[in-house]
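*Asks:*
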Amino acid sequence: MPDARYAVAAVLVAAAVTWALRALPFAALAPLRESGTVQYLSTRMPAGVMLILIVYCLRDLPLTQPRALAPVAALAVTVGLHLWRRNALLSILGGTAVHVILASTVFAH
1 MPDARYAVAA VLVAAAVTWA LRALPFAALA PLRESGTVQY LSTRMPAGVM LILIVYCLRD
61 LPLTQPRALA PVAALAVTVG LHLWRRNALL SILGGTAVHV ILASTVFAH
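Residue 28 in the numbering used here sits at position 28 of the sequence shown, and the numbers go up by one each step.
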């Protein structure tokens, strides 16, 4: 019987910890919404994250090889679509489609 009590206690402790970890973000969210730092970051972070992703994806791109045209063309299409329509989903899907089509047909080895 002592083993059953330990098992029940372990399950109750695990359930309490799981519940607390799931509730904690919601409890911490209210004070953060009023924070000036969080408001500043919410306006600046999206552009910063995109810039970091672009640099990360293109950092090893061999610009002297023709296969570099696929990601460069995809980037141009993504930027062009976003400037034209201001729709992130359309921009991402269009740029991805251009890259996949060029990389798998024109620049496939």
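The beta-carbon is built from N, C-alpha and C at its ideal position, and this holds for glycine as well. Since this is a predicted model, take the numbers as computed values, not measurements.
Would you give the residue range spanned by the alpha helix (DSSP H) that Asp3 belongs to?
*Replies:* Where Asp3 is concerned, the enclosing alpha helix (DSSP H) stretches over Pro2 to Arg33.
*Asks:* Which residue marks the beginning of the alpha helix (DSSP H) containing Ser104, and which one marks its end?
*Replies:* Per DSSP, Ser104 belongs to no alpha helix (DSSP H) and is neither H nor E.
*Asks:* Consult DSSP for Gln65 and reduce its assignment to one of helix, strand or coil.
*Replies:* Coil at Gln65, not helix or strand.
*Asks:* Taking Cβ to Cβ, would you say Leu102 is nearer than 8 Å to Ala70?
*Replies:* Result yes, Cβ atoms of Leu102 and Ala70 sit closer than 8 Å.
*Asks:* Ala15: buried (16+ other C-beta within 10 angstroms of its C-beta) or exposed?
*Replies:* Exposed is the call here.
*Asks:* Where Thr64 and Ala28 are concerned, what is the direct C-alpha to C-alpha distance, given to the nearest angstrom?
*Replies:* Rounded to the nearest angstrom, the two C-alpha atoms are 50 Å apart.
*Asks:* So what does DSSP say about Arg85, is it helix, strand or coil?
*Replies:* The answer is helix: DSSP assigns Arg85 an H, G or I state.
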